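Chains as they are written, first to last, in the working numbering: chain A, 83 to 198; chain B, 15 to 501. Just so it is clear, CB atoms sit at the ideal spot from N, CA and C, and this is done for glycine as well. Since the structure is predicted, the reported quantities are computational estimates derived from the model, not experimental observations. Structure first, commentary second.
Here it is in structure tokens:
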């Protein structure tokens, strides 16, 4: 049995496409790349910020409405339901929205980079 | 509990792990096969494997135990463990995949064009891995001690032996199948007993008259500082875990790395409902476990205590099997990624070197584990996340998103974060229960400190920004292939 080490081919992970080479070399290409990075970073920060706001709102809601934490829904205290189960859909939805927008940003970049 | 139950469960899980490992090895033998196989691993398999590797002793035993001890405050642990993947998705997943780097040191070396940064990153990664293995071995010791009556150290030693054998023999190279199997085993092992208990309790009508969940320890609720600091550690610690990041390499491209992360989020969300349910049931029906100092064993003991008889034994066996799946999968994932780093940087990268490095990676933390007492499992893993968030996280985030990062800045930041957070951890273990709260949860100040130093020193050494930065940033952020198939 032969054993092989698996490491990353650093420089040639995959052949660079024509548009990638153009983007690396030309000044206009670099302009598009910078703008793509800025857009993606802004998107990531907005989604992260929105998620953290909702996350912070949960305990504040429980603290602001007295008696809410002890209310029972189907025998389970409401604060347990909110923190123990209610946050997961929020992460899922944030992630899904992010992926859609990130892919759209990349498609727009590709249109720009290939049209020039 | 019947002592043979625990032993049988452990042996079955170990054998299953080895068999799946070797079976998977046979179908992927050469480097070429491995790459082809890894390119065609469907996102579901890959996501299950990430889940399998990530859900450690802390998640399987520790979360329920901590919920039993501190109630809703402890719910921030599963929330943070899951939300950490959201941060990983937002800031790291696609660019890291596009970098083509297989390990974190590979990434920092390629990005900053510096051998020194590579070495410092390697040291940090090895420390993180060792710190993370120790609680797994504590969990194994606890499980063996409670379920079989054997001396507790047998559990730690057994896990290290099984991991070393499978990794050295090569079985763990086909790790995707093993880890994916172990995610589903862990989910089943928690879900079935919880559902059984819930239905049994509902059948006796006791849930309608269930006593209010009590606070069995009388611990004061954690203040906002502790909760926020914990969340900082968990949110930013996840995106630097070496064994998790390695798995992103098996995605074909950046977009599928994102899709895989989305599925992982779903899998973790489903999984963490069950430790939470365990904790709530334990707080209601078995609060005496918290007083006897066996909180971390809640998951193991509850089925026997509430169900009993043969059904109780069977459920216990299932839970013990799931627990060992957790110890084995996380430990072997860490050992493989540590051995990769150690053998490449110290031992020249040969296969012999890899085997030697694997044994070193597993035996050093075993020494730590045998020499130290188990803290609350979820708490000690939380500290490892704080350390990762203070060291690996800043260099990854700034490296991916900021052109101004320099090698000097990266090293200064990692060293600062490591010293601050490591110092707090040492001080905390020396001071014990008297540790002030800001020292017990260092992430809230050690993470910003590491970021600040990294940015300031990079600014001061502007001339050292690598000349390759434009090329690397383009590679990290531009999509790989035409998006005609995308909507």
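CA-to-CA distance, residue j to residue i, given in whole angstroms
{"i": "residue 323(B)", "j": "residue 97(B)", "result": "39 Å"}
{"i": "residue 238(B)", "j": "residue 93(B)", "result": "16 Å"}
{"i": "residue 187(A)", "j": "residue 339(B)", "result": "40 Å"}
{"i": "residue 394(B)", "j": "residue 442(B)", "result": "11 Å"}
{"i": "residue 418(B)", "j": "residue 406(B)", "result": "17 Å"}
{"i": "residue 249(B)", "j": "residue 90(B)", "result": "11 Å"}
{"i": "residue 494(B)", "j": "residue 123(A)", "result": "18 Å"}
{"i": "residue 20(B)", "j": "residue 434(B)", "result": "41 Å"}
{"i": "residue 161(B)", "j": "residue 314(B)", "result": "8 Å"}
{"i": "residue 374(B)", "j": "residue 353(B)", "result": "8 Å"}
{"i": "residue 120(A)", "j": "residue 106(B)", "result": "15 Å"}
{"i": "residue 103(B)", "j": "residue 262(B)", "result": "11 Å"}
{"i": "residue 350(B)", "j": "residue 145(B)", "result": "15 Å"}
{"i": "residue 8(B)", "j": "residue 61(B)", "result": "Lying before the first or after the last residue shown, residue 8(B) is absent from chain B, which here runs from 15 to 501."}
{"i": "residue 293(B)", "j": "residue 463(B)", "result": "35 Å"}
{"i": "residue 164(B)", "j": "residue 317(B)", "result": "21 Å"}
{"i": "residue 200(A)", "j": "residue 114(A)", "result": "Residue coverage of chain A in this structure runs from 83 to 198, which leaves residue 200(A) outside it and unanswerable."}
{"i": "residue 137(A)", "j": "residue 331(B)", "result": "37 Å"}
{"i": "residue 255(B)", "j": "residue 430(B)", "result": "19 Å"}
{"i": "residue 196(A)", "j": "residue 199(B)", "result": "47 Å"}
{"i": "residue 252(B)", "j": "residue 68(B)", "result": "9 Å"}
{"i": "residue 247(B)", "j": "residue 453(B)", "result": "13 Å"}
{"i": "residue 413(B)", "j": "residue 207(B)", "result": "45 Å"}
{"i": "residue 148(A)", "j": "residue 403(B)", "result": "35 Å"}
6 Å Cβ shell around residue i - same chain, five flanking residues per side excluded
{"i": "residue 265(B)", "result": "111, 271, 274"}
{"i": "residue 123(B)", "result": "132"}
{"i": "residue 398(B)", "result": "145, 146"}
{"i": "residue 408(B)", "result": "427, 464, 465, 468"}
Collapsed DSSP secondary structure at residue i in the structure displayed
{"i": "residue 139(B)", "result": "helix"}
{"i": "residue 115(B)", "result": "coil"}
{"i": "residue 158(A)", "result": "strand"}
{"i": "residue 301(B)", "result": "coil"}
{"i": "residue 164(B)", "result": "coil"}
{"i": "residue 173(A)", "result": "helix"}
{"i": "residue 243(B)", "result": "helix"}
{"i": "residue 238(B)", "result": "helix"}
{"i": "residue 293(B)", "result": "helix"}
{"i": "residue 69(B)", "result": "coil"}
{"i": "residue 306(B)", "result": "coil"}
{"i": "residue 60(B)", "result": "helix"}
{"i": "residue 265(B)", "result": "coil"}
{"i": "residue 321(B)", "result": "coil"}
{"i": "residue 422(B)", "result": "helix"}
{"i": "residue 151(B)", "result": "helix"}
{"i": "residue 16(B)", "result": "coil"}
{"i": "residue 482(B)", "result": "coil"}
{"i": "residue 193(A)", "result": "helix"}
{"i": "residue 112(A)", "result": "helix"}
{"i": "residue 128(B)", "result": "coil"}
{"i": "residue 196(B)", "result": "helix"}
{"i": "residue 186(A)", "result": "helix"}
{"i": "residue 255(B)", "result": "coil"}
{"i": "residue 450(B)", "result": "coil"}
Cβ-based neighbour list, residue i, same chain, cut-off 8 Å, excluding 5 preceding and 5 following
{"i": "residue 345(B)", "result": "147, 150, 151, 173, 174, 177, 376"}
{"i": "residue 342(B)", "result": "27, 28, 31, 173, 176, 177, 196"}
{"i": "residue 359(B)", "result": "119, 132, 133, 136"}
{"i": "residue 209(B)", "result": "none"}
{"i": "residue 311(B)", "result": "75, 79, 156, 157, 160, 303"}
{"i": "residue 476(B)", "result": "418, 420"}
Neighbourhood of residue i by C-beta distance below 7 Å, restricted to the same chain and skipping five residues each side
{"i": "residue 245(B)", "result": "90, 94"}
{"i": "residue 153(A)", "result": "160"}
{"i": "residue 165(A)", "result": "140"}
{"i": "residue 109(A)", "result": "none"}
{"i": "residue 278(B)", "result": "61, 64, 65, 99"}
Whole-angstrom C-beta distance between residue j and residue i, which should lie under 8 Å
{"i": "residue 31(B)", "j": "residue 192(B)", "result": "6 Å"}
{"i": "residue 212(B)", "j": "residue 369(B)", "result": "Actually they do not touch by this definition, with Cβ atoms about 46 Å apart."}
{"i": "residue 169(B)", "j": "residue 157(B)", "result": "6 Å"}
{"i": "residue 300(B)", "j": "residue 319(B)", "result": "6 Å"}
{"i": "residue 112(A)", "j": "residue 108(B)", "result": "Contact flag wrong, Cβ pair sits at about 20 Å."}
{"i": "residue 423(B)", "j": "residue 468(B)", "result": "5 Å"}
{"i": "residue 156(A)", "j": "residue 269(B)", "result": "The Cβ separation is near 39 Å, so there is no contact."}
Closer than 8 Å at the beta carbon, the chain E residues around residue i
{"i": "residue 133(A)", "result": "Here chain E cannot be found, since the structure's protein chains are A and B."}
Heavy atom of the ligand ATP within 8 Å of residue i beta-carbon
{"i": "residue 324(B)", "result": "For the ligand ATP, the structure offers nothing, since it holds no ligand at all."}
Counting beta carbon pairs with one atom in the stretch 125-137 of chain B and one in the stretch 146-162 of chain B, are three or more of them shorter than 8 Å? no
Using 8 Å as the cut-off, can you tell me whether the stretch 123-133 of chain A makes contact with the stretch 173-192 of chain A, which would need three or more C-beta pairs spanning the two stretches below that distance? yes
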